[in-house]
Each structure stands twice: as structure tokens, then as C-alpha cells.
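> Below: one structure in C-alpha cells.
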Amino acid sequence: MNNVSKTLADVGVTGLAVMGSNLARNLARNGFKVAVHNRTFAKTEHFVSDFGGEGDFVGAETLAEFVADLVRPRKAIIMVKAGDPTDAVINELVSLMEPGDIIVDGGNSLYTDTVRREALVSSHGINYVGTGISGGEEGALNGPSIMPGGTQEAYKTLGPILEKISAQVDGVPCCTYIGPGGAGHFVKMVHNGIEYADMQLIAEAYDLLRLGLGMSAPEIGDVFASWNEGELNSYLIEITAEVLRHEDAKTGRPFVDIILDQAAQKGTGKWTVQNALDIGIPSTVIAEATFARALSGDAVGRAAAEKVLPADAAPWQISDADRETFIEDVRKALYASKVIAYSQGFQQLATASADNNWDLDLGAIARIWRGGCIIRAQFLNPITEAYEANPSLPLLVVAPYFAKAVSDGVSSWRRVVATAVLHGVPVPAFSSALAYYDGVRAARLPAALIQAQRDFFGAHTYQRVDTSGTFHTQWSSESRDEESA
2 MNNVSKTLAD
12 VGVTGLAVMG
22 SNLARNLARN
32 GFKVAVHNRT
42 FAKTEHFVSD
52 FGGEGDFVGA
62 ETLAEFVADL
72 VRPRKAIIMV
82 KAGDPTDAVI
92 NELVSLMEPG
102 DIIVDGGNSL
112 YTDTVRREAL
122 VSSHGINYVG
132 TGISGGEEGA
142 LNGPSIMPGG
152 TQEAYKTLGP
162 ILEKISAQVD
172 GVPCCTYIGP
182 GGAGHFVKMV
192 HNGIEYADMQ
202 LIAEAYDLLR
212 LGLGMSAPEI
222 GDVFASWNEG
232 ELNSYLIEIT
242 AEVLRHEDAK
252 TGRPFVDIIL
262 DQAAQKGTGK
272 WTVQNALDIG
282 IPSTVIAEAT
292 FARALSGDAV
302 GRAAAEKVLP
312 ADAAPWQISD
322 ADRETFIEDV
332 RKALYASKVI
342 AYSQGFQQLA
352 TASADNNWDL
362 DLGAIARIWR
372 GGCIIRAQFL
382 NPITEAYEAN
392 PSLPLLVVAP
402 YFAKAVSDGV
412 SSWRRVVATA
422 VLHGVPVPAF
432 SSALAYYDGV
442 RAARLPAALI
452 QAQRDFFGAH
462 TYQRVDTSGT
472 FHTQWSSESR
482 DEESA
């Protein structure tokens, strides 16, 4: 099923679910001729029929036809479900394409799968570009944040296309070359991990205002709308205000009050936490946000615990005079916790970059997250500036702008966490962020005791503060002599 045009397509998209179809439409709206393909040909036919007026599409019934419709070097974007379906499409494309062609995986693939796939595809002389695409359905259609990995050679060909269809902020495309191998999908994974943290922190702020002040969802929505006018300005704060003001058409109740309180996840948060453990980065806020979703889904365990576990919590007694102070404390705690979550995420990016020789440009990554993606926010401008001023910044939170931000909010932060604990309100993300803050600024941690314990029961050795070397102590009642290991 080809249209009447005889010219070959500039780029192709295979996989026409919502993300794939919207990305294809975005490409066509930006002047590119787009070959489209779906495993079910009827879907391809419907797509061309429904959206043919938006641009120049050519529909293909088979992958062989799809590849034949592409101008060389061929550029095929895969937008199918991550995992085995992606592998199946890659294997078929490799058998059909030629050296110099480019396969782009635009799905949420695990970055280690991308490394494996690139090794396979590149052995055939074909370029493989693992590409993170953030922004959901709206972003795919109107301009996402795009994080392509792979070779610089492939980006020279592919980059102008991706940059043109990406979101634009201050005339700058929200797309840049990320790095080799699985770098693109790794950066997207950490983006999603930070997104988990951001959403959990917002949810905890909502819960504190709901329980502490007895505010209705629309009232809290108004608070979030006001917060969106300041330093918390972001897409997630904006949509939170809209969600909280939304009324359920069936019951007339606030929409958030009729939604089951069990949060789902697709795996990217879990991957981020697993990687943080693997490389030794304390991404604690992302971890707590991920575990909070798991806890919310444990309906059986929660029902059993509710029946037998007492709260023994203080009653809420916030006076009208203290109402605005409490709201402001929650705002400052939210902002300070957000700084910690991003600092941890960027430390994870920096460490993985060093471990994998990716040479990630952290300032550029923050810049392309300013538009199109889910965590887009005013907050990302000073992150870009911080890494431009000092590319070797050890932690984002120690940059002057962010150090001041958390120091300005730390008193409020402590009051909010203490208040939540006293009143039996779970704030795992707020409290883990504060615990990390206190841990990272501590001159000495109790890890010395842990090292002594490890040496006692397992002869794991330790190091001393007053001399170099590695040591082991003979832990017995008869002898406590220290030996060099």
C-alpha cells in the first residue's frame, strides 16, 4: 500500500501504537516523508487514512517493503514493546538492511540490552542508536526530549532529523548526542528514576496538606498552582494542580478521591535503583519512591496491617494562624528534597559515565530536559549553569545555587519530617532525602563501627585514620593484636 509519490521516504517508523504513530506524525508535520509499518497491516492502513492529510506518508505491508521505501542510508525507528518484540524486529531489519544504514530503538529499553544489541547490529556494519524519548504521547506528537546514543557517525545523519522534531526551548532543541553504546537509554532510565522521585515527593506534599490541614483536593490544587508560579515551576506541579481540581463526572467528587491508591510502574524506576546499587551510588530518594509504589500495591498486606498495627500518633492541631506557615514549610521541604533527588540522579549519571567511558555532558543533559520531557522544569536551568561552571562538580547539591536552596529550606524540612513522623504520616521520600543530606554533610559517620563488626565476624579488614594500609584484628579474649592484612 504505497501512496502515489515515487520518491523514497526520509525516515521510517515501525510500530504504530500511540507513541509510534504520534512520532511518525511529528516527523511528517516537520516536512519529512515517513515510511510507516505495523505488524498488523490494518493498523497501517487506518493510520495513513486517518493522518494522511498531515504530511507525506508511505505505508508498507511488510518490513521488507518498509526497508525498500527508505532512502539510503536508511533510518528506521523502532517503536514497539521493549524486550523480545524489539529483538524480533531488530533481527528482521538486520537481514534486510545494508552497511551504513541506521536502526533506532526509540522504546524504553534497558541500557544493557542496548549494549548487546549494538554489538550484534554493528557486526553487520549497520549503526544502532539506542534512543531515549521522553514526553509521553503529547511529547511524541508535539516535540519530545530526545536522548540518542550510538556512534557519532550515525548522529551526523540522524541528528538533524531528531533535533528538528524535538521540543525547542529558547531556540535550542531538546536533543543532543548523548554518548556511545547504551548511553542514550541509560540517561533516559535515570530521567525516569528522577521522575519517580519527583512524583512521590509531590504526592507526600499533597498528603501532608490533606491530613494536616484537612484541605480538599481542589484547595490543595490551588496551592500547587501558586507553587507553580515560583521556583517549583514544572510540568509535574502544573498537572498536579489540574488533577487535584478535576471533578469526577460520575460522582461529583474530586477525581483523585475515587482513584484506587495503588501506583503502577513499568520498570525504569526499578532499573535505576538496581543500577545505583551496582555502581555504589546512594540514589535513596529514587529508591524510596520506587518502594513506595510497591508498598501501595500490597493491598493484602496493608489491609492486614491496618487492623492490628496502632498509630499511637499525636492528633493534628495546626491552628488557623499557623496554616500558612505549615504550607510554606511543606513547599520548602518539597524543593529541598527535589534538589537532593536530582543531585543523586546526576551523581549516578556521572559515575556511570566514568565507568563506561561515555563522557556524558551533564549540563547538556539538563538542557535537553528543559522541554518535552516529563520532568521539564524551570529548575533545570540552574542545573545546566552549575555544570557549565564546573563540569567536574562532585555533587550537584554543593553548587552555590543549590547549597543555598537547601540551606534556606532545611529548618522547614526538619519540621515537616518531624511533624509527619509524630502524626503517623509516611513520608519516605522527604525523610530519606533529609537523611541523605545529613549523611553527606557529616564529618564522621558510624560506618567505622560497621567495619569493625565486619572484621570481627568475617575478617573483612579495615583501614585506619592515622596510617595507611589495610588491617585485621585478632578478635578473641586472649588476643586482640592488630595485624596488617
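Numbering-wise, the working numbering puts 224 at position 223 of the sequence shown, and it's gapless, one number per residue. Here a beta-carbon is modelled for each residue, glycine too, at the ideal position from N, C-alpha and C.
Below 8 Å on the Cβ atoms is my guess for Gly346 versus Ser135; work out the distance and round it to an integer in Å.
Position 345 of the sequence shown, counted from the start, is the residue given in the question as residue 346. Position 134 of the sequence shown, counted from the start, is the residue given in the question as residue 135. 14 Å between Cβ atoms; not a contact.
> Helix, strand or coil for Ile78, going by three-state DSSP, please let me know.
On the sequence shown, residue 78 is found 77 positions in, with the first residue counted as 1. Ile78: strand per DSSP, three-state reduction.
> Output needed for Arg324: all residues of its chain with C-beta closer than 8 Å, excluding positions within five of it in sequence on either side, in chain order.
As a first step, residue 324 is located in the sequence shown; it is residue number 323 there, counting from the start. Taken in chain order, the residues that qualify are Leu214.
> Mind reading off the beta-carbon distance from Phe67 to Gly13? Whole number of angstroms is fine, and I expect it under 8 Å.
For the purposes of this step, residue 67 is taken as the residue at position 66 of the sequence shown. For the purposes of this step, residue 13 is taken as the residue at position 12 of the sequence shown. So it is a contact: roughly 6 Å between Cβ atoms.
> Hey, is the segment 268 to 287 in contact with the segment 189 to 205, meaning 3+ C-beta pairs nearer than 8 Å?
In short, these stretches touch, since the Cβ pair count reaches three.
> On a CA-only basis, which of Thr474, Ser123, Ile78 and Tyr112 is nearest Glu99? Give me that one, please.
Position 98 of the sequence shown holds residue 99. The residue with the shortest Cα to Cα distance from Glu99 is Ser123.
> Based on the DSSP secondary-structure assignment, which residues constitute the bridge partners of Val1?
Outside the shown range of the chain (2 to 486) lies residue 1, about which nothing can therefore be said.
> Tell me which residue opens and which closes the beta strand (DSSP E) that Gly60 is part of.
Reading the sequence shown from its first residue, position 59 is the one you call residue 60. Its beta strand (DSSP E) spans residues Phe58 to Ala61.
> Would DSSP call Gln345 helix, strand or coil?
Counting from 1 along the sequence shown, the entry for residue 345 is found at position 344. In this structure, Gln345 counts as helix in the three-state DSSP scheme.
> Hey, out of Asp360, His47 and Arg254, whose CA is closest to Phe187's CA?
In the sequence shown, the residue the question calls residue 187 occupies position 186. The option with the nearest alpha carbon to Phe187 is Asp360.
> Can you check the segment 227 to 302 for any beta strand (DSSP E) of at least 3 residues that lies completely inside it and give the ranges in chain order?
The qualifying runs do not exist here; there are none.
> To which residues does DSSP link Asp106 through a beta bridge?
Along the sequence shown, read from residue 1 onward, the residue named residue 106 stands at position 105. The partner list for Asp106 (beta bridge, DSSP) reads Ile79 and Gly131.
> Among the residues of its own chain, which have a CB less than 7 Å from the CB of Val170, if the five just before and after it don't count?
The residue you call residue 170 lines up with position 169 of the sequence shown. Here the set comprises Arg371 and Gly372.
> Based on DSSP bridge pairs, tell me the residues matched to Met216.
Here residue 216 refers to the residue found at position 215 when the sequence shown is read from its first residue. Note: Met216 sits in no beta bridge, so no partner.
> In whole angstroms, what separates the C-alpha of Ala89 from that of Thr41?
The residue labelled residue 89 in the question sits at position 88 within the sequence shown. The residue labelled residue 41 in the question sits at position 40 within the sequence shown. Their backbone Cα atoms lie some 15 Å apart in a straight line.
> Roughly how far, in whole angstroms, is the beta-carbon of Tyr463 from the beta-carbon of Phe472, given that I think they are within contact range, below 8 Å?
Within the sequence shown, the letter at position 462 stands for residue 463. Within the sequence shown, the letter at position 471 stands for residue 472. At roughly 6 Å, the Cβ-Cβ gap stays under 8 Å, so Tyr463 and Phe472 are in contact.
> What is the DSSP secondary structure of Ser412, reduced to helix, strand or coil?
Against the sequence shown, residue 412 aligns to sequence position 411. Helix.
> What residues in its chain sit with their C-beta under 6 Å from that of Lys165, if we drop five residues either side in the sequence?
Taking the sequence shown and counting its residues from 1, the one referred to as residue 165 is at position 164. Correct list, in chain order: Asn31.
> For Val130 and Val81, I'd like the C-alpha separation in whole angstroms.
Walking along the sequence shown from the start, residue 130 turns up at place 129. Walking along the sequence shown from the start, residue 81 turns up at place 80. The straight-line gap from Cα to Cα measures roughly 15 Å.
> Residues in its own chain within less than 6 Å of Ala184 by CB, not counting five upstream and five downstream?
If you number the sequence shown from 1, residue 184 lands on position 183. Closer than 6 Å at the Cβ level, and outside the excluded window around Ala184, lie Gly150 and Trp359.
> Contact check, Val37 vs Val19 under 8 Å by CB: the rounded distance?
Indexing the sequence shown from 1 puts residue 37 at position 36. Indexing the sequence shown from 1 puts residue 19 at position 18. Actually they are not in contact, since the Cβ atoms of Val37 and Val19 sit about 14 Å apart, beyond 8 Å.
> Taking the alpha carbon of Ala376 as the reference point, which residue from Pro429, Asp199 and Glu389 has its own alpha carbon closest?
Here residue 376 refers to the residue found at position 375 of the sequence shown. It is Ile, not Ala, that sits at residue 376 in the sequence shown. Comparing Cα-Cα distances from Ile376 to each of Pro429, Asp199 and Glu389, the minimum goes to Asp199.
> Identify whether Thr385 lies in helix, strand or coil by the three-state DSSP scheme.
Here residue 385 corresponds to residue number 384 of the sequence shown, with the count starting at 1. Note: Thr385 maps to helix in three-state DSSP.
> Pull up the CB-CB distance for Ala290 and Tyr437, whole angstroms please, since I reckon it's below 8 Å.
For the purposes of this step, residue 290 is taken as the residue at position 289 of the sequence shown. For the purposes of this step, residue 437 is taken as the residue at position 436 of the sequence shown. About 13 Å separates the two Cβ atoms, so there is no contact after all.
> With DSSP as the reference, identify every bridge partner of Val35, one or two as the case may be.
Position 34 of the sequence shown, counted from the start, is the residue given in the question as residue 35. Paired residues: Val12 and Phe58.
> Give the C-beta separation of Thr385 and Ala367 to the nearest angstrom, bearing in mind that I take them to be a contact with Cβ-Cβ under 8 Å.
Along the sequence shown, one-based indexing puts residue 385 at 384. Along the sequence shown, one-based indexing puts residue 367 at 366. With 8 Å as the limit, Thr385 and Ala367 qualify as a contact, their Cβ atoms being about 4 Å apart.
> Rounded to whole angstroms, what's the CA-CA distance from Val244 to Ala204? Just pull it up for me.
Your numbering for residue 244 matches position 243 in the sequence shown. Your numbering for residue 204 matches position 203 in the sequence shown. So the two alpha carbons sit approximately 12 Å from each other.
> I need the straight-line Cα distance from Leu210 to Ile221, nearest angstrom please.
Along the sequence shown, read from residue 1 onward, the residue named residue 210 stands at position 209. Along the sequence shown, read from residue 1 onward, the residue named residue 221 stands at position 220. Going by the C-alpha atoms only, they are around 7 Å apart.
> Based on the DSSP secondary-structure assignment, which residues constitute the bridge partners of Tyr463?
Here residue 463 refers to the residue found at position 462 of the sequence shown. Tyr463 pairs with Phe472.
> Apart from the five residues just before and just after Ser354, which ones in its own chain have a Cβ nearer than 6 Å to its Cβ?
Reading the sequence shown from its first residue, position 353 is the one you call residue 354. Excluding positions up to five away in sequence, the list reads Leu361.
> Just to confirm before moving on: does the CB-CB distance between Leu24 and Val35 stay below 7 Å?
Translated into the one-based positions of the sequence shown, residue 24 becomes position 23. Translated into the one-based positions of the sequence shown, residue 35 becomes position 34. Their beta carbons are not under 7 Å apart, which means Leu24 does not touch Val35 by this criterion.
> CB Arg294 to CB Ala264, shorter than 7 Å?
As a first step, residue 294 is located in the sequence shown; it is residue number 293 there, counting from the start. As a first step, residue 264 is located in the sequence shown; it is residue number 263 there, counting from the start. A contact, by the Cβ cut-off of 7 Å.
> Can you give the Cα-Cα distance for Gly440 and His424, rounded to whole angstroms?
The residue you call residue 440 lines up with position 439 of the sequence shown. The residue you call residue 424 lines up with position 423 of the sequence shown. Those two C-alpha atoms are separated by around 24 Å.
> Taking the continuous beta strand (DSSP E) assigned at Ile375, which residues delimit it?
Along the sequence shown, one-based indexing puts residue 375 at 374. Segment: none, Ile375 is in no beta strand (DSSP E) and carries neither H nor E.
> Considering only C-alpha positions, which residue in the set Ser167, Lys76 and Asn109 is nearest to Val95?
In the sequence shown, counting from the first residue as 1, residue 95 sits at position 94. If we check each option's Cα against that of Val95, Lys76 comes out closest.
> Is the CB-CB distance between Leu17 and Asn39 below 7 Å?
In the sequence shown, the residue the question calls residue 17 occupies position 16. In the sequence shown, the residue the question calls residue 39 occupies position 38. Result yes, Cβ atoms of Leu17 and Asn39 sit closer than 7 Å.
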